[in-house]
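Everything in the sequence shown is counted per numbering that gives the first Met the number 0, starting at 0 for the first residue and increasing by one. Take a look at the structure below.
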Amino acid sequence: MARPCRLRCGAVRPAAVHALAPQPPQPQLVYDIVVSEHLPCFDATIKVKQLLLRPAHVHVLDHVLRTIRPCLAPSYLLGAVVRIAIVFAPADVGALLTLLSLVLVGPTIITMSLTLRYEYIKVLAQTFEFGFLLVIGMMWIVSFAVYTHDLRGVIMPILWCDFVNLLLTYFEDQAVIYVGVVATSCYFVSVTVAMSFSYVENARDYVLVASPTHLINISDLIMNNMTTILALMVRLVYRRYVALKREKHIASSWMQSIGYRCRIGLFAHRARRATTEEEATSSMQTIVAPLAKRAWSTQRLRMRFVPIPTVFDPDDTLWPRLTSFWLPDTVLDRWQLGVLYLVGAAGYVLTLTALHTATWEEQESPLSWALGGAGVGLTTLFCVGFMCCCQRKLLYKLCTSFDFVFLYVQLIADHLCACDLRSWHHVHYCGQLANFMWMHWALTLDALTPAMKEKHGLKIWFAIPVLVLSSVKTLVFIVDIFVRDGSPIHNRLLLHHTIGPCELRLYSPGRVADVVHPHLASHPNAEKR
């Protein structure tokens, strides 16, 4: 390499070059998941029985519970087995089995209710998940009691108490709680099978909503709630199983709080050292646990967030090459942001227009084809650009969480049954496809790092119009089915299976839609009632 020179008195002499000292590399900017709120504390010594009874009565109750405790678990398991047989037995035998199940299960449920930690109940009762499960469970219990309309419905209040206790009990033997959750889940499965094959004797399937071609019966409402409860019970079983394994292998005064959710966020800092792959994948769960230095002392217990050792590199996106081309190191200019969101807004408006056109148009026209294709094209361009900028590890954690999978499966079932009910009408199919991509975009916004959101000029409230308009779209679709005469909705028989005197009929994917769409199976001879 040539050295810089300068002329002096006819001689060539190299100029002095001062070598610059090598600068140490700047630490890389990474993100950690941290808790973004103050976690609650509570007194675990206060139980429900202390609030309902006097101290002398509590002492007597404790003596009675210590005496009958060895019999509670076997009695509960036997009662759970009898409870499963209720829905398959004849009506008169089922009534007797109901009374027997109450006698066997009742003492255990009463004991669990009296030993619940009062202040911890208040903490869990403020969460959305507990309220959602409580409402779904209440709807299912009332509906099933009306469906059986006899003494078999008496089991429902006890089942409701059992269901709530399993959600609130954390400070007892984890193995017993796990067995109780599994037994209750088996009962929900048995009820689903019995109702699907019409095994429930003397049941009355009342009509809730009727139209010239479609009916929604009380059995449809029960099956809707049942599938939701089953999915959530599967998660509860899995989490209890993981907590039970951790309790056996790790001796600690910490206890995992499964039912409490805390707000988390991404905290930016400079990486001090490279994180190895083993460290990055050693913990894939967010755990909230109460600290108990002295077991059940008068000291208030405070929940603690157990950090995840994974760090998130903002440059490790789903498609780094496209991200570097799409987004340079600087923030996008105003005109670039304007073009980006103009494309997104145009795609969403065309999506809604295509859905509206498909709802009221009997025959496809070139204009409707153009609207549907343009809506899908612009929506794909907008959503794929954001998708490629998602942080890889963060997106994996988001997509493998139960809540995301639970909602995602419901969205897939919702859009598939909507397309099938319209016989895969081209414009309606395009509108549903574009709407599904918009919902995917709204659900995966948390996989964008704060730096990437700043480059996009993205605000978290941008997803609110998408969610609101999607809900309005669903309501319009349902109202169109049950209100407008001549609605172009078609059902087809997917499954017809006979086992003995019972038949299983599954009409169209509309029967699969869980929460967003009700069951829209048309009866063979549906009439206005």
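Beta carbons are placed, not taken as given, at the ideal position from N, Cα and C, and that holds for glycine.
Assign Y259 to one of two classes, buried (16 or more other C-beta atoms within 10 Å of its C-beta) or exposed (fewer than that).
With 16 or more Cβ atoms within 10 Å of its Cβ, Y259 is classed as buried.
Closest to I459 by C-alpha separation, out of D419, L444, V233 and T191, would be which residue?
Taking only the C-alpha atoms, the option nearest I459 is L444.
Using DSSP bridges, identify the partner residues of D31.
Partner(s): F266.
Is the beta carbon of A79 closer than 9 Å to that of Y240?
Not closer than 9 Å, so no.
With DSSP as the reference, label M302 as helix, strand or coil.
DSSP places M302 in strand when its eight states are reduced to three.
With DSSP as the reference, please indicate the residues paired to V190 in a beta bridge.
DSSP output for V190 lists no bridge partner at all.
Give every residue of the same chain whose Cβ lies closer than 6 Å to the Cβ of S74, excluding the five residues on either side of it in the sequence, and list them in chain order.
L103.
So what's T110 in DSSP terms, helix, strand or just coil?
Residue state, collapsed to three classes: helix.
Under a three-way DSSP split, which group does R421 fall into?
Note: R421 maps to coil in three-state DSSP.
Do Q390 and D479 have their CB atoms nearer than 9 Å?
Cβ atoms of Q390 and D479: not closer than 9 Å.
Going along the chain, which residues of its own chain have a beta-carbon closer than 7 Å to the beta-carbon of E278, five neighbours each way excluded?
Its pLDDT being 37, under 50, E278 is placed unreliably in this model, and the value from its coordinates should be taken loosely. Once the five neighbours on either side are set aside, the close Cβ partners of E278 are P308.
What's the gap between the Cα of T147 and the Cα of V86?
In a straight line, the C-alpha of T147 is about 9 Å away from that of V86.
Applying the 10 Å Cβ sphere with the 16-neighbour rule, what's the burial state of D413?
Label assigned to D413: buried.
Would you give the residue range spanned by the beta strand (DSSP E) that N216 belongs to?
From DSSP, the beta strand (DSSP E) with N216 extends over L214 to N216.
Please confirm if the stretch 425–435 is in contact with the stretch 369–379, defined as three or more CB-CB distances below 8 Å between the two stretches.
Cβ pair count under 8 Å is three or more, so yes.
Just the Cα atoms here: how many angstroms apart are R68 and A462?
Going by the C-alpha atoms only, they are around 52 Å apart.
If you follow the alpha helix (DSSP H) that L207 is in, where does it begin and where does it stop?
Looking at the DSSP string, L207 is not in any alpha helix (DSSP H); the run it does join, the beta strand (DSSP E), is V206 to A209.
Taking the alpha-carbon positions, what's the H439 to K392 distance?
Looking at the two C-alpha atoms, the distance is approximately 17 Å.
So, for V181: in the same chain, excluding its five sequence neighbours on each side, which residues have a beta-carbon less than 8 Å away from its beta-carbon?
Correct list, in chain order: V236.
Using the Cβ count rule (16 or more neighbours within 10 Å means buried), how would you classify A417?
Classification for A417: buried.
Can you name, in chain order, every residue of its own chain whose Cβ lies under 7 Å from the Cβ of L336, other than the five neighbours on each side?
The answer, listed in chain order, is G456.
Could you tell me if G136 is buried or exposed, where buried requires 16 or more neighbouring beta carbons within 10 angstroms of its beta carbon?
Its Cβ being crowded by 16 or more others within 10 Å, G136 is buried.
Just mark V11 as buried or exposed, buried being the case when its beta carbon has 16 or more other beta carbons within 10 Å.
Only weak support is given to the placement of V11: the predicted model assigns it a pLDDT of 40, under 50, and the question is left unresolved by the model.
Among residues of its own chain, excluding the 5 on either side of C382, which ones have a beta-carbon nearer than 6 Å to its beta-carbon?
Within the same chain, C382 has close Cβ partners M436 and W440.
Whose CA, out of M254, L231 and T473, lies closest to the CA of F131?
That would be L231, whose Cα lies nearest to the Cα of F131.
Could you check if F476 is buried or exposed, using at least 16 other CB atoms within 10 Å of its CB as the buried criterion?
It is buried - the Cβ of F476 has at least 16 other Cβ atoms within 10 Å.
How many Å lie between Y407 and H58 at the Cα?
Using only the alpha carbons, I get a separation of about 50 Å.
Taking just the CA atoms, how far does L38 sit from D219?
Their Cα atoms are separated by approximately 40 Å.
Which one of V208, N201, S400 and R269 has the shortest CA to CA distance from A94?
A94 has its Cα closest to that of N201, out of V208, N201, S400 and R269.
Kindly indicate which three-state DSSP category R116 falls into: helix, strand or coil?
Here R116 sits in strand by DSSP.
What are the start and end residues of the alpha helix (DSSP H) that includes A88?
Careful: A88 lies outside any alpha helix (DSSP H) and carries neither H nor E.
What are the boundary residues of the alpha helix (DSSP H) that Y395 is part of?
Note, Y395: alpha helix (DSSP H), R391 to C398.
Look at the alpha carbon of R116 and the alpha carbon of D42, and state the distance between them as a whole number of angstroms.
Computed Cα separation, rounded: 8 Å.
To the nearest angstrom, how far is it from the Cα of S367 to the Cα of R421?
Their Cα atoms are separated by approximately 15 Å.
Kindly give me the distance between the Cβ atoms of F196 and D31, rounded to whole angstroms, as I take these residues to be in contact under 8 Å.
52 Å between Cβ atoms; not a contact.
F196 by DSSP, collapsed to three states: which one?
Three-state DSSP puts F196 in coil, outside helix and strand.
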